[in-house]
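For the sequence shown, the tail end lands on 223 under the UniProt record's numbering, and the numbers increase by one without skipping. Each residue gets a CB set at the ideal place from its N, CA and C atoms; glycine is no exception. From a predicted model like this one, the values you see are computed outputs, not experimental measurements. Notes follow the structure.
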Amino acid sequence: MSRALPPAAVRRMLPLYFVAGTGNTGGELALLRTLAAALEGGISAFQLREKGPGALLGRARFALALGLREQCRRRGVPFIVNDDVELALAVEADGVHVGQEDAPAAEVRRRLGARLLGVSVHTVDEARRAAAAGADYIGCGPMYATASKPDARAVAGPALVRQLRAAGITLPLVGIGGITSENAASVTAAGADGVAVISAISGASDPRAAAVLLKQAAMSINS
Ligand code: TZP
Ligand code: MG
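Now the structure itself:
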């Protein structure tokens, strides 16, 4: 098993992790623009999550990923691809994020080599298995009610983060689901290294300003 980076370096990528696809912004151009603004606002990682009705496929998906990866690379921010290991390898992404229903984490770890591997978890047991499979970080949620994931599980709240930490899970960790600048500090106060958001940035009228506020809120505890 070859993890990409020491945990301390991964933690530094997690304070504000922006997740989005064209379905969240209303198209490719809007996604590229939103990412540019979010990068200016200080996001620390970006995940392309291109799924759901109308998701781009094939060459259009590849071209979009390349454009987004280029923007991230210019800023020195990791570019992660949701689920699609082939796409991640094709565009030389910095990593892949998988859920419990996707390809097994250990198999993805082998295919990725030293790229970053993130795994979504909902229980202590899933977190232990993600660690054993070689995950570099875990995402857990939903922290709060979300409209961005139709099949989201029941709200677990920051209590889930506390439960994972109390059980000895030391992996770098982000909370996700319904996070805003109002509640982000509760997630990091519970023991998360950062927050992952879709709509708080993709749905903001000023995504740059939204990112600035979210990062301040998330880091008010860990800094
Ligand atoms: N996984 C758990 S909740 C969620 C995902 C991808 C959606 C997060 O979106 P938002 O808009 O930040 O609630
Ligand atoms: Mg998935």
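By Cβ distance below 6 Å, which residues in the same chain neighbour residue i in space, the five residues on each side in sequence not counted?
i, result
"D102", "D83"
"L116", "A4, D94, G95 and D136"
"N24", "I198 and S202"
"I43", "L16, F18 and A211"
"D206", "none"
"S223", "With a pLDDT of only 47 at S223, under 50, the local geometry of the prediction cannot be trusted, and the value read off the model is given with reservation. Correct list: empty, nothing qualifies."
"V121", "A127, A130, I138 and C140"
"D97", "Residue identity check: residue 97 is His in the sequence provided, not Asp. Closer than 6 Å at Cβ, skipping near neighbours: Q47, I80, N82 and G118."
"D193", "R11, L14, P172 and L173"
"P7", "P172"
In the DSSP output, which residue or residues are listed as bridge partners for residue i?
i, result
"Y137", "G118"
"I80", "Q47 and G95"
"A20", "L48"
"L173", "I138"
"G194", "V174"
Within the same chain, show all residues whose beta-carbon is closer than 7 Å to that of residue i, passing over the 5 residues directly before and after it, in chain order.
i, result
"R61", "E50 and L87"
"V77", "L39, I43, S44, A45 and F46"
Can you list, in chain order, the residues of its chain with a C-beta nearer than 8 Å to that of residue i? Leave out the 5 residues immediately preceding and following it.
i, result
"S181", "A200, A210, L213, L214, Q216 and A217"
"G157", "M143 and Y144"
"T22", "E28, A30, L31, E50, G54, A55, L56 and L64"
"Q163", "V124"
What distance in whole Å lies between the Cβ atoms of residue j and residue i, which are believed to be in contact at a cut-off of 8 Å?
i, j, result
"A65", "V91", "5 Å"
"A196", "I221", "No, A196 and I221 are not in contact; Cβ-Cβ is about 16 Å, not under 8 Å."
Review point. If you pair each beta-carbon of the region 28-39 with each one of the region 8-15, do three or more pairs fall below 8 Å?
Key: The region 28-39, when compared against the region 8-15, does not touch it at the 8 Å Cβ threshold.
Review point. Hey, is the region 162-175 in contact with the region 116-131, meaning 3+ C-beta pairs nearer than 8 Å?
Key: Touching, per the Cβ criterion.
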